[in-house]
Amino acid sequence: MDTFNAFSLGLGHLPLLSNAQTRSISAENPTGERGGGAHAIPDEKSAASMLGKGWKVRPCITLEPATVTTLADIEGPGVIQHIWITVHPEAFQSTIIRFYWDEEETPSVEAPLGDFFCNGHGMRCQINSLPVSVNPAGGFNYYWPMPFRRHARITIENQYGEAIPGFFYQITYALTETPPEAGYFHAQWRRSMTTRECPEHTILDAIEGQGHYIGVYLAWTQLSNGWWGEGEIKFYIDGDEEYPTICGTGTEDYFGGAWCFGGGKDISQTATYSAPFLGYPLYRNVAGEVPRHGLYRWHILDPIRFRHDLRVTIQALGWWPNRKYEPLTDDIASCAYWYQSEPHAAYPTVPGIDDRWAR
């Protein structure tokens, strides 16, 4: 019963009592330990200097340049239940967030901070989904359950070249038993430029082990005029080679929209939306800029399960004037999310900051 309480996303579990212990890590309680909050002592420059110890003394931290800061270091077993972070947009692509489960050497989560929270392109965007919510002005919220058996560690690396002040965070978790069938949360970021010869972006490749894919966020930069979302998403599962087991019918279809998101030939009519399981929250088409799009799709009620391996791709296709498909050279970044048993296969190296900025 305790495990059900800690992992459930519904309301039916709320009346049920549990032996789980709730803890929360923040700048005011960096260890999350019992009675560990509000210990900071204000100095004369502090906004709390007239109030004293126990008030709002250390609500945030500064990320020093070229450093890795540990946000959470938790002894398990347990499950992370909610993460809230806010910081100025210059940190969205210049910092890398990483999660390590059970003393593993390589991270199970590795992504630029903004893309991890569905805010790609280095800009803010509101998200109103079930597991991810981004609220004015840049309040990042995560509700994906993240179980661990022995240990959890979360870090953030500042690659900006300058200090980033005003980094606020709150990581809430339950100390409770983890069921043997629970997988570990994973997230991986990739970016590529599609070509005329191969208009395809790889979302995931060489994923090994048993697990299930739970969704993706795309930050899509359009480099050609006209409609850009005719391509299909494909899932190659458990040994699929040339042909996938699951094949979509179009980009807007996979993200729950239809007919060019309402735009058709008149792109000014394009409609955005943000729903519990899928959304197209960002469409930016400003004079003097290339069009940019943000999309997410969560497989919460329909996870894509694999026993041995998984590869996921999406095509970049538009239309030639003769009504034939046009292969596009677009700039696509993806952050994919899944659960799986450990160990996980090696991730591709995250590109340096110069190759992540300003799509």
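Okay, so the sequence shown: first residue is 68 according to my numbering, each after it adds one.
Note that CB positions come from ideal geometry on N, CA and C, so glycine has one too.
Every value quoted in this text rests on a predicted model; they were computed, and no experiment measured them.
For Phe-302, the pairing in a beta bridge is given by DSSP as Ile-313 and Val-379.
Counting the other CB atoms within 10 Å of its CB gives Gly-189 a total of 16 or more, which places it among the buried residues. Residue burial annotation: Leu-271 is buried, with at least 16 other C-beta atoms found within 10 angstroms of its C-beta. Burial of Asn-96 is indicated by the presence of at least 16 other C-beta atoms within 10 angstroms of its C-beta. The shortest CA-to-CA distance from Thr-129 to any of Ile-108, Phe-166 and Ile-223 is the one to Ile-223. Within the stretch 88-166, the beta strand (DSSP E) runs of at least 3 residues that lie entirely inside it are, in chain order, 88-93, 128-130, 134-142 and 145-153. For Tyr-321, the enclosing alpha helix (DSSP H) begins and ends at 318-321.
For Pro-203 against Leu-395, the beta-carbon gap comes to about 33 Å, at or over 8 Å, which does not count as contact. The Cβ neighbour count for Ser-408, taken over all protein chains shown within 10 Å, is under 16; the residue is labelled exposed. At the C-beta level, Arg-217 and Asp-169 come within 8 Å of one another.
With 16 or more other CB atoms across the displayed protein chains lying within 10 angstroms of its CB, Val-199 is buried. Of the residues Thr-316, Cys-314, Gly-315 and Tyr-347, the one whose Cα lies closest to the Cα of Gly-330 is Tyr-347. In this structure, Asp-397 sits near Trp-287, with a CB-CB distance shorter than 8 Å. Within the model, the alpha-carbon separation for Gly-361 versus Tyr-251 is close to 26 Å. Between Phe-166 and Val-176, the beta carbon gap of about 4 Å places them in contact (Cβ cut-off 8 Å). A Cβ-Cβ separation of about 35 Å leaves Thr-312 out of contact with Arg-220 under the 8 Å criterion.
For the options Glu-131, Ile-367 and Asn-225, the alpha carbon positioned closest to that of Ile-163 is the one of Asn-225.
If you ignore the 5 residues before and after Gly-315, its C-beta comes within less than 6 Å of the C-beta of Glu-299, Ile-300 and Tyr-321, all in its own chain and listed in chain order. Going by DSSP, Gly-385 is part of the beta strand (DSSP E) stretching over 384-386. Contact between Pro-214 and Ala-249 holds: their C-beta atoms lie close to 5 Å from each other, under 8 Å.
Between the stretch 274-284 and the stretch 369-385 there are three or more C-beta pairs closer than 8 Å, enough to call the two in contact. Collapsing the DSSP output to three states places Asp-421 in a helix. Boundaries of the alpha helix (DSSP H) around Gly-181: 180-183. Measuring C-alpha to C-alpha distances from Tyr-280 to each of Cys-327, Trp-211 and Thr-339 identifies Trp-211 as the nearest. By the CB criterion at 8 Å, Tyr-350 and Ala-254 fall outside the cutoff.
With a contact defined as Cβ atoms closer than 8 Å, Pro-358 and Gln-289 qualify at about 4 Å.
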